[in-house]
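Residue numbers (this note's numbering): 8 to 290.
Following this line, the structure appears as structure tokens:
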């Protein structure tokens with residue numbers, strides 16, 4: 008099951024945490040589902056993808072049901088409107104890059120007639136990655152059964168932060184073509200503490216790599232709303248486990264139900280100015 012969907016589904020049931028030794032009695036509503044939206048518009052010349060699913064009970068092993076047959080429109084601040092085609096069940100795509108400086112919005116009509124729309128998101132100018140490189144790590148590997156004893160290298164980037172407060176960023180990492188998507192892989196920051204100037208030797212994955220791994224780092228300039236959503240998402244998933252943790256609650260994104268405002272939607276549609284860099288460890 009897609010980890011993003013597992014996280015969202017966890018929030019949709021909003022249960023209180025109890026000790027693993029206690030009997031857990033959950034009064035879960037039957038048949039109540041919520042729309043989950045996951046999608047980004049970027050400046051990259053690749054298909055822009057939006058995934059639509061419904062929530063399902065957290066303890067159900069089956070994948071969340073996908074939303075097929077929806078009418079998904081991408082609107083921009085210039086008055087243009089383009090339809091996203093259903094590339095595969097629940098996955099809708101538009102084959103043109105977003106335009107820097109424009110704002111974008113999703114408009115969704117579900118098969119049963121409910122209408123949703125996202126807030127407008129501004130596609131910002133990307134901040135380039137100056138360079139990417141690998142080096143021998145000074146960290147001690149903490150080997151589990153699934154870890155590689157040859158993972159002894161860090162992958163770092165050199166970048167910079169433009170002058171002027173108000174910038175927010177997300178970094179994605181890909182190892183041999185597969186994106187890291189666990190809660191601890193969410194890496195975001197704002198320029199509140201570092202505004203303007205170069206940022207050298209920046210480790211945005213905290214992972215160790217081996218030769219000849221191919222590592223891709225994607226640097227995204229995102230909105231404050233996207234940054235706050237991703238930060239809350241990570242705080243409610245990666246940093247839990249103590250008896251004193253706050254119970255998970257539904258995390259509403261920037262999508263609202265126009266047909267029934269009382270019925271929430273989960274997930275987020277964002278705009279990201281992207282730059283990416285690739286390195287092969289050992290070369």
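The beta carbon of each residue, even a glycine, is placed where N, CA and C say it ideally should be.
My output table needs one value for residue 227: the three-state DSSP class, helix, strand or coil.
Strand, per DSSP.
Do you know how far the Cα of residue 127 is from the Cα of residue 108?
Distance between the alpha carbons of residue 108 and residue 127 is about 12 angstroms.
DSSP beta-bridge partners for residue 195?
Its beta-bridge partners are 177.
So what's residue 276 in DSSP terms, helix, strand or just coil?
Three-state DSSP puts residue 276 in a strand.
Give me, in chain order, the residues of the same chain whose beta-carbon lies closer than 6 angstroms to that of residue 284; leave out the 5 immediate sequence neighbours on both sides.
Answer for residue 284: 136, 139 and 224, listed in chain order.
Candidates 216, 180, 168 and 88: which alpha carbon is nearest residue 142's?
The shortest Cα separation from residue 142 among 216, 180, 168 and 88 belongs to 216.
Whole-angstrom Cβ separation of residue 105 and residue 278, contact assumed at under 8 angstroms?
Going by Cβ atoms, the distance from residue 105 to residue 278 rounds to 6 angstroms, so yes, they are a contact pair.
Checking 8 angstroms against the spacing of the C-beta atoms, do residue 60 and residue 79 come in under that value?
No, Cβ-Cβ distance for residue 60 and residue 79 is not below 8 angstroms.
For the region 110 to 129 and the region 167 to 185, state whether three or more C-beta atom pairs, one from each stretch, are separated by less than 8 angstroms.
No: the two stretches stay apart, fewer than three of their Cβ pairs being nearer than 8 angstroms.
Grouping DSSP H, G and I as helix and E and B as strand, with all else coil, what is residue 205?
Here residue 205 sits in strand by DSSP.
Does DSSP put residue 62 in a helix, in a strand, or in coil?
If DSSP states are grouped into helix, strand and coil, residue 62 belongs with coil.
Taking Cβ positions, are residue 110 and residue 145 nearer each other than 8 angstroms?
The answer is no: Cβ separation not under 8 angstroms.
Taking its Cβ as the centre, do 16 or more other Cβ atoms sit within 10 Å of residue 102, making it buried, or is it exposed?
Flag for residue 102 reads exposed.
Under the three-state reduction of DSSP, which class applies to residue 291: helix, strand or coil?
Nothing can be reported for residue 291: it is not among the residues displayed for the chain, which extend from 8 to 290.
Can you tell me which of the three DSSP states residue 235 falls into?
Looking at residue 235 - three-state DSSP - the assignment turns out to be helix.
Pull up the distance between the alpha-carbon of residue 286 and that of residue 155, whole angstroms please.
The straight-line gap from Cα to Cα measures roughly 19 angstroms.
Which of the three DSSP states, helix, strand or coil, is assigned to residue 243?
Correct three-state label for residue 243: coil.
Do you know offhand how far residue 191's Cα is from residue 241's?
Straight-line Cα distance between these residues: approximately 7 angstroms.
Just how far apart, CA to CA, sit residue 194 and residue 39?
Taking the straight line joining both Cα atoms gives about 32 angstroms.
Going straight from the alpha carbon of residue 221 to that of residue 93, what length do you get?
If you take the alpha carbons of residue 221 and residue 93, they lie about 31 angstroms apart.
Check whether the Cβ atoms of residue 276 and residue 117 sit closer than 8 angstroms, and answer yes or no.
Cβ distance not < 8 angstroms, so residue 276 and residue 117 don't count as in contact.
To the nearest angstrom, how far is it from the Cα of residue 119 to the Cα of residue 198?
Going by the C-alpha atoms only, they are around 43 angstroms apart.
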